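Here is the structure we will look at.
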Amino acid sequence: MIPEDLRYTAEHEWVAGDGSGPVRVGITHFAQDALGDIVFVQLPDEGTVVQAGDSLGEIESTKSVSEIYAPISGTVVARNATLADEPEIINGEPYAAGWLVEITPDDPASVAALLDAAAYRALTES
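Each residue of the sequence shown is one higher than the one before, counting from 1 in full-length UniProt numbering.
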């Protein structure tokens, strides 16, 4: 459940895209599984400038409330509006319909600096 074509953070976010344009961000299967049934998602508005490592929003599950962290610095250019009414999509499709936001990176190279699938797999198996 760790797609090879994505980049990852140690905080269990994934990034799709090479940074040459907007990248799509979500949480991993590992993260949604640990959270349990997701019941609410708070996401930043389009146009919000984010810094890598800063809070991007929150995900509330039946177990807890967890921060979502920006994997890269940039500007939010889209958010998944479907999650307002159907946050549970993240549980079923964390790498597809359950994406969270799209960010235009300040530095395209910052995407390549994230963990690759092998490194993320090693992190989750340790």
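Note that beta-carbon positions come from the ideal geometry of N, C-alpha and C, so glycine has one too.
Just so we're clear, the structure is a prediction, and the values are computed from it rather than from any experiment.
Own chain, CB closer than 8 Å to residue i, minus 5 neighbours either side, in chain order
{"i": "P108", "result": "D18, G19 and S20"}
{"i": "S61", "result": "L35, G36, D37, I38 and V39"}
{"i": "G53", "result": "Y69 and A70"}
{"i": "L114", "result": "R7, Y8, T9, V15, P71 and I72"}
{"i": "V65", "result": "E58 and I59"}
Backbone secondary structure at residue i - three-state DSSP
{"i": "S64", "result": "coil"}
{"i": "A117", "result": "helix"}
{"i": "G92", "result": "helix"}
{"i": "L100", "result": "coil"}
{"i": "D51", "result": "Before going further, note that residue 51 is Gln rather than Asp in the sequence given. It is coil, neither helix nor strand."}
{"i": "T124", "result": "helix"}
{"i": "A10", "result": "coil"}
{"i": "A31", "result": "helix"}
For residue j and residue i, believed in contact at Cβ under 8 Å, the rounded distance
{"i": "V76", "j": "I59", "result": "With 8 Å as the limit, V76 and I59 do not qualify as a contact, their Cβ atoms being about 16 Å apart."}
{"i": "T124", "j": "P22", "result": "26 Å between Cβ atoms; not a contact."}
Burial state of residue i, where buried means 16 or more other Cβ atoms lie within 10 Å
{"i": "G26", "result": "buried"}
{"i": "V49", "result": "exposed"}
{"i": "T28", "result": "buried"}
{"i": "L13", "result": "Reading off the sequence shown, one finds Glu at residue 13, where the question assumed Leu. Its Cβ being crowded by 16 or more others within 10 Å, E13 is buried."}
{"i": "E102", "result": "buried"}
{"i": "G74", "result": "buried"}
Contact set for residue i: own chain, Cβ-Cβ below 6 Å, skip 5 residues either direction
{"i": "residue 136", "result": "For the chain, the structure presents residues 1 to 126; residue 136 sits outside this window and is missing."}
Cutoff 7 Å; reference residue i; Cβ partners in own chain excluding five residues on either side
{"i": "P94", "result": "G26, I27, T28, H29 and Q32"}
{"i": "N91", "result": "Q32, D37 and I38"}
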